[in-house]
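Novice:
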Amino acid sequence: MDFEYQEVYIKNSRGVQLFTCRWLPVSSSPKALVFLCHGYGMECSGYMKECGIRLARARYAVFGIDYEGHGRSSGSRCYIKKFENIVNDCNEFFKSVCVEKYYSDKGRFLCGESMGGAVALLLHKKEPSFYNGAVLVAPMCKISEKLKPHPVVVNILTSFEEIIPKWKIVPTKDVIDSAFKDPFKREEIRNNKLIYQDKPRLKTALEMLRTSMSLEQSLYQVRLPFLVLHGDADTVTDPEISKALYEKASSKDKTMKLYPGMWHALTAGETNENVDIVFADIVDWLEKHTLDLVPEPIIEPFNNGIERVDEFPAPVQSRRKQSQGSYLCGLKEPRTLHSAM
101 MDFEYQEVYI KNSRGVQLFT CRWLPVSSSP KALVFLCHGY GMECSGYMKE
151 CGIRLARARY AVFGIDYEGH GRSSGSRCYI KKFENIVNDC NEFFKSVCVE
201 KYYSDKGRFL CGESMGGAVA LLLHKKEPSF YNGAVLVAPM CKISEKLKPH
251 PVVVNILTSF EEIIPKWKIV PTKDVIDSAF KDPFKREEIR NNKLIYQDKP
301 RLKTALEMLR TSMSLEQSLY QVRLPFLVLH GDADTVTDPE ISKALYEKAS
351 SKDKTMKLYP GMWHALTAGE TNENVDIVFA DIVDWLEKHT LDLVPEPIIE
401 PFNNGIERVD EFPAPVQSRR KQSQGSYLCG LKEPRTLHSA M
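The sequence shown runs 101 to 441 under the working numbering.
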């Protein structure tokens, strides 16, 4: 199925310019909306393109945003001053999409990978009944007992947090080598200059640590339907993390898939055959959860602080019926690509 790709910049409530993009089905109205939450150091337009295209071809409207300091968004490269800022930016943008007239009556699903899994869970915690479900790929929602730093080490690092917050002093292994199993795809990732490949900054590492530890203590508060996916050979986020989420979450509707021999980057770093398996499971889960879904329509607009300057074009199927477009805006003219790849 062919798809339409659009990208535009927005300004958040803090005045930061953020990159957003969307993949839309062309031949029909979308079955539901899927909101992408990318991982640490990653971005949406390139790294999560496969996810956007595959889901758009399955007739889902897919929306992505590069966090502050990530990808094509403004800000110090991969510097997370407050993890809450990421969650708030996603919340503002995703809700601004949901009130667009073409999407206000559609189901709403989150799709988070790695650190993006933490973002998705915190969005659910912020608005427990807003999203109809979530797909969580190797989510960062707990610190593995094998990797948990000693409290003394954390205390030492914390003492320097406000003095040298952006200092790249945190030792870490090469995540790309550990996350991407397919050598060709691993090299593609290394050549993607939008992906951060340096050492983590001090405050960033501490924010991620605190977020993971906080989520670990509140997994029982997870109540939305979810599908959690993990490779059993993942050395970046231990599979025990997904098992803990599955066991502790209060959700009545929860599914876990553990893939033998697969690594961390299930949607972008495995062989084509393995990626096909993963996406087949994701689409199958979404199909089951949108088949009889009757979402509550959003009527009132949100006062979310997003600055609207330009407009996204209306979806293709709507432009065929009328000439005027929808209203999510940004700082630059949107780019639109029609594809039948």
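Cβ coordinates follow ideal geometry from the N, Cα and C atoms, glycine included.
Does Met356 come out as helix, strand or coil in the three-state DSSP assignment?
Specialist: Three-state DSSP puts Met356 in a strand.
Novice: Specify whether the region 313-333 and the region 352-365 touch according to this definition: at least 3 beta carbon pairs, one from each stretch, less than 8 Å apart.
Specialist: The region 313-333, when compared against the region 352-365, does touch it at the 8 Å Cβ threshold.
Novice: For Gly430 and Gly361, I'd like the C-alpha separation in whole angstroms.
Specialist: Confidence is the limiting factor: at Gly430 the pLDDT is only 34, short of 50, which leaves the residue's position unreliable, though a coordinate-based value still follows. Each residue's alpha carbon lies about 42 Å from the other.
Novice: Does the contact criterion of 3 or more C-beta pairs under 8 Å hold for the region 115-124 versus the region 160-177?
Specialist: Yes: at least three Cβ pairs fall under 8 Å.
Novice: With H, G and I counted as helix, E and B as strand and the rest as coil, what does DSSP make of Tyr231?
Specialist: Reduced to three states, the DSSP call for Tyr231 is coil.
Novice: Use the C-beta contact count for Tyr320: other C-beta atoms within 10 angstroms, 16 or more gives buried, fewer gives exposed.
Specialist: Per the 10 Å Cβ criterion, exposed.
Novice: Output the distance between the C-alpha atoms of Ile406 and Glu396, rounded to the nearest integer angstrom.
Specialist: Their backbone Cα atoms lie some 23 Å apart in a straight line.
Novice: Tell me, please, which residues DSSP counts as bridged to Lys111.
Specialist: Its beta-bridge partners are Gln117, Glu407.
Novice: Going along the chain, which residues of its own chain have a beta-carbon closer than 7 Å to the beta-carbon of Thr304, five neighbours each way excluded?
Specialist: The residues are Cys178, Tyr179, Ile180.
Novice: Distance, Cα to Cα, Leu223 vs Cys211?
Specialist: Using only the alpha carbons, I get a separation of about 11 Å.
Novice: Could you tell me the boundaries of the beta strand (DSSP E) in which Ala161 lies?
Specialist: Run containing Ala161: 161-165, per the beta strand (DSSP E) assignment.
Novice: Kindly indicate which residue of Asp392, Ser128, Arg301 has the alpha-carbon position closest to the one of Ile263.
Specialist: Ranking the options by Cα distance to Ile263, first place goes to Arg301.
Novice: Can you name the start and end residues of the alpha helix (DSSP H) that Arg177 belongs to?
Specialist: Looking at the DSSP string, Arg177 is not in any alpha helix (DSSP H), and its letter there is neither H nor E.
Novice: Which residue wins for smallest C-alpha separation from Ala238, given the options Ala279, Val108, Ile295, Arg290?
Specialist: Nearest of Ala279, Val108, Ile295, Arg290 to Ala238, Cα basis: Ala279.
Novice: Taking the alpha carbon of Val126 as the point to measure from, which residue in Gly141, Ala344, Tyr109, Tyr105 has its own alpha carbon closest?
Specialist: Among Gly141, Ala344, Tyr109, Tyr105, the Cα nearest to that of Val126 belongs to Tyr105.
Novice: Below 8 Å on the Cβ atoms is my guess for Val324 versus Gly233; work out the distance and round it to an integer in Å.
Specialist: First, the amino acid is wrong: residue 324 is Leu here, not Val. About 6 Å; that satisfies the 8 Å criterion.
Novice: Under the rule that 16 or more other beta-carbon atoms within 10 Å means buried, what is Ala380, buried or exposed?
Specialist: That one is exposed.
Novice: Leaving out five residues on either side along the sequence, give the residues of the same chain with a beta carbon under 8 Å from the beta carbon of Glu261.
Specialist: Counting only Cβ-Cβ distances below 8 Å, and skipping sequence neighbours, we find Leu302, Lys303, Leu306.
Novice: Could you check if Trp363 is buried or exposed, using at least 16 other CB atoms within 10 Å of its CB as the buried criterion?
Specialist: Buried: at least 16 other Cβ atoms inside 10 Å.
Novice: Hey, how far is the Cα of Ser351 from the Cα of Pro228?
Specialist: Rounded to the nearest angstrom, the two C-alpha atoms are 11 Å apart.
Novice: Touching or not, the region 147-157 and the region 195-202, by the rule of three or more beta carbon pairs under 8 Å?
Specialist: Contact fails: fewer than three Cβ-Cβ distances are below 8 Å.
Novice: Between which two residues does the beta strand (DSSP E) holding Arg208 run?
Specialist: Unbroken beta strand (DSSP E) run through Arg208: 207-213.
Novice: Using a 10 Å radius around the Cβ and a threshold of 16 neighbouring Cβ atoms, would you call Lys176 buried or exposed?
Specialist: The residue asked about is misnamed: residue 176 is Ser in this sequence, not Lys. Exposed, since its Cβ has fewer than 16 Cβ neighbours within 10 Å.
Novice: Compare the beta carbon distance of Gly216 and Leu133 with 8 Å and say whether it is the shorter of the two.
Specialist: No, the pair does not count as a contact, with Cβ atoms beyond the cut-off.
Novice: Taking DSSP's pairing of strands, which residues face Ala132 in a bridge?
Specialist: Answer by DSSP bridge pairing, in chain order: Gly207.
Novice: On the DSSP letters alone, give me the boundaries of the alpha helix (DSSP H) that Gly93 sits inside.
Specialist: Limits of the chain in this structure are 101 at one end and 441 at the other, which puts residue 93 out of reach.
Novice: Would you list the residues sitting across from Phe326 in a DSSP beta bridge?
Specialist: The partner list for Phe326 (beta bridge, DSSP) reads Ala234, Lys354.
Novice: What are the residues that DSSP puts in a beta bridge with Leu124?
Specialist: Glu104, per the DSSP bridge assignment.
Novice: Determine the direct distance from the alpha carbon of Leu124 to that of Tyr160, and round the result to whole angstroms.
Specialist: Whole-angstrom Cα-Cα distance: 7 Å.
Novice: Which term fits Lys201, buried or exposed, when burial requires 16 or more other beta carbons within 10 angstroms of its beta carbon?
Specialist: With fewer than 16 other Cβ atoms within 10 Å, it is exposed.
Novice: Cβ of Ile341 within 8 Å of Cβ of Lys242?
Specialist: Their beta carbons are under 8 Å apart, which means Ile341 touches Lys242 by this criterion.
Novice: When you compare each of Tyr109, Ala349, Ser129 to Ser318 by their alpha carbons, which one comes out closest?
Specialist: Residue Ala349 is the option with its Cα nearest to Ser318.
Novice: Just the C-alpha distance for Met142 and Tyr296, rounded to the nearest angstrom, thanks.
Specialist: Distance between the alpha carbons of Met142 and Tyr296: 7 Å.
Novice: Tell me, which residues are paired with Cys137 by DSSP?
Specialist: Answer is Gly212.
Novice: What residues match up with Gly331 in a beta bridge as DSSP calls it?
Specialist: Note: Gly331 sits in a beta bridge opposite Tyr359.
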